[in-house]
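One structure below.
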């Protein structure tokens, strides 16, 4: 069994036809259920449900308070390497882009770690481009060895690995896996991923499940909004999260819906997604997955990020840089994976949260 | 009247235990603990941060309040034991609320792993409070292996639905000779009061206090409701309406002759 079978089962499911059957009563009843299911998800994500967005947001806010109280967890991304063998048309690290390529030495990793550590952060997300030659698992493992002296929780957002490789990284101190399918529509996926190992749709699709089998504690799924038709993509993401939650109840499932921003190479979103759409998506995921971590990155601007917290966001990044060595070696033009919209440092994010009545949580884990 | 809950030599007057997660700040949490005159507070070790750069939750627990570390994050007995030992090592004491959860959808406890944890920790000088689904057989085994109290859930964590497990908890109260403390799901002071009227030794509340718009006042309200429920229980609550008197007595024939 793999999620791919579920994907195939629903590939020809006519979501638009299902939407035509959604009447206000179904939306209201979905909001009243303790354990909503797939039909409730369809009702709540439907175009008609936009008229009930305030009610949906209210319910999402209640559930967020129940699960997370008045707290928001903080983390920051650390880019280790931007070498990449893939040609993904939307990404700044695309191998055809003429950007300066870098891979941090272990000394540089330690320097970055010290700077991040001095801001108080204890949760870190490390990222690499997809290059088994330039950033092999051995290298990631070495970086983790350095970072675990400073951080309580280390998550990886790297290319898909084998089960054995995930086990190795878990043993060296990794507890979280972030891997976004980007786009679930398989035909579109093929058009957007022109060359490189990422072309293998199925291998990426099964990566979260391999991570779960290896014992990864937190697994975050996501789609890159702006690529496929968003309602269909979000439906697939829902099916994927539900599949993993049922099969691996011990894993903390996380959700993220990064929205495509301009980056070097000038790719424009194929299917633009509005702020209102994102508010609906986050609220509906909160209702269907009351305890899942929902992450919001600095791809979104400061005020929009703040507005989304009450709807279900439980984890935000702070003091971000999407450049390799961005905190110590200086930013280099055009070398970022995407443009950051929220440049606030950790102290500024901390103050913002306090002002809004939220406790910024720096530590919410212990290596056991 | 002196009415104490006595556990491991400690006399506890206030039977409202408070969980310390989910507050908007440690200061607000501290005010709530103080407003309720709380004597037992649970703290997740995963949130304890002894690093000087950020605030340490333990510094905000009132001095007269017993800290009970919970093993949140543990998925197995082995992990829960490790967390308990770490707690002792950092000076957080030996009162441990055992929370072993392998279900992240509902956050329901794994009773079997919890039982194993109780057995190991109770032998090693810990005062253990297993958080569990209300199951009489397992609760009896928890007693046998050294639990200081059992903590059945009222309804899922954070759900604010009250004591949905009433029948099962009532059976536990009747049959289990150690304190039964309802933990999780209590959403209002009246629900906490209901548990105490039933005969619970204490209740543990977190979410309903932490997310209210005035946590200190809500903590005080819970504390008063718990005291009222306890007093009512001790005073003997008259049965009401459960036994109707038949217009023609069913045993009248015994007196006819």
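Chains as they are written, first to last, in the numbering used here: chain X, 21 to 388; chain P, 4 to 260. Every residue gets a Cβ at the ideal spot worked out from N, C-alpha and C, and that includes glycine. This one's a predicted model, so the numbers in the text were calculated from it and none came from an experiment.
Span of the beta strand (DSSP E) holding residue 335(X)? 335-337
How would you call residue 169(X), buried or exposed, if buried means at least 16 neighbouring beta carbons within 10 angstroms? exposed
My guess is that residue 379(X) and residue 28(P) are in contact by the Cβ rule of under 8 Å, so how many angstroms apart are they, rounded? 5 Å
What are the boundary residues of the alpha helix (DSSP H) that includes residue 30(X)? 23-31
Within the segment 144-177 of chain X, ranges of the alpha helix (DSSP H) (whole runs, at least 4 residues): 157-167
Does DSSP put residue 250(X) in a helix, in a strand, or in coil? helix
Taking residue 221(P) and residue 212(P) to be in contact with their CB atoms under 8 Å, please state how far apart those CB atoms are, rounded to whole angstroms. 5 Å
Return no unless some Cβ of chain P is closer than 8 Å to the Cβ of residue 386(X). yes
Comparing C-alpha positions only, which one of 92(X), 50(X), 38(X), 49(X) sits nearest to residue 316(X)? 92(X)
Rounded to a whole number of angstroms, what is the C-alpha to C-alpha distance between residue 383(X) and residue 11(P)? 31 Å
Residue range of the unbroken alpha helix (DSSP H) whose run includes residue 127(X): 126-138
Is residue 69(P) helix, strand or coil by DSSP? strand
Selected residue, minimal CA-CA separation from residue 117(P), among 148(P), 201(P), 181(P), 187(P): 148(P)
Would you mind reading off the limits of the beta strand (DSSP E) that contains residue 238(X)? 238-242
How would you label residue 240(P), buried or exposed, when you count the other beta carbons within 10 angstroms and need 16 or more for buried? exposed
DSSP-derived helix/strand/coil call for residue 197(P): helix
Does the Cβ of residue 318(X) have 16 or more other Cβ atoms within 10 Å, making it buried, or fewer, making it exposed? buried
When you compare the CB positions of residue 263(X) and residue 109(X), do they come within less than 8 Å of one another, or not? no
When you check each C-beta in the segment 6-31 of chain P against every C-beta of chain X, which residues fall closer than 9 Å? 24, 25, 26, 27, 28, 29, 31
Taking 8 Å as the CB-CB cut-off, is residue 52(P) touching chain X? yes
Pull up the CB-CB distance for residue 224(P) and residue 206(P), whole angstroms please, since I reckon it's below 8 Å. Actually they are not in contact, since the Cβ atoms of residue 224(P) and residue 206(P) sit about 13 Å apart, beyond 8 Å.
Assuming residue 87(X) and residue 311(X) form a contact by the criterion Cβ under 8 Å, report the distance between their Cβ atoms to the nearest whole angstrom. 5 Å
Taking only three categories from DSSP, how would you classify residue 108(P)? coil
Using beta carbons (cut-off 8 Å, strictly below), is residue 86(X) in contact with chain P? yes
Looking at C-alpha atoms only, which residue of 57(X), 160(X), 121(X), 191(X) is the closest neighbour of residue 177(X)? 160(X)
What first and last residue would you give for the beta strand (DSSP E) that runs through residue 132(P)? 130-135
Under three-state DSSP, which class holds residue 312(X)? coil
With a threshold of 8 Å, are at least 3 pairs of Cβ atoms found where one atom belongs to the segment 50-58 of chain P and the other to the segment 226-242 of chain P? no
Whole-number beta carbon distance between residue 197(X) and residue 345(X), since they are thought to touch under 8 Å: Actually they do not touch by this definition, with Cβ atoms about 24 Å apart.
If we count the other Cβ atoms within 10 Å of its Cβ and call it buried at 16 or more, is residue 287(X) buried or exposed? buried
Here's a check: name, in chain order, each residue in its chain whose Cβ is nearer than 6 Å to the Cβ of residue 203(P), leaving out the five neighbours to either side. 183, 185
Check whether the Cβ atoms of residue 293(X) and residue 279(X) sit closer than 8 Å, and answer yes or no. yes
Between which residues of its own chain and residue 385(X) is the CB-CB distance below 8 Å, once the five residues before and five after are set aside? 142, 143, 172, 173, 195
Using a threshold of 8 Å, state whether the C-beta atoms of residue 218(P) and residue 20(P) are closer than that. no
Are the Cβ atoms of residue 70(P) and residue 83(P) separated by less than 8 Å? no
Give me the Cα-Cα distance between residue 299(X) and residue 232(P), rounded to the nearest whole angstrom. 43 Å
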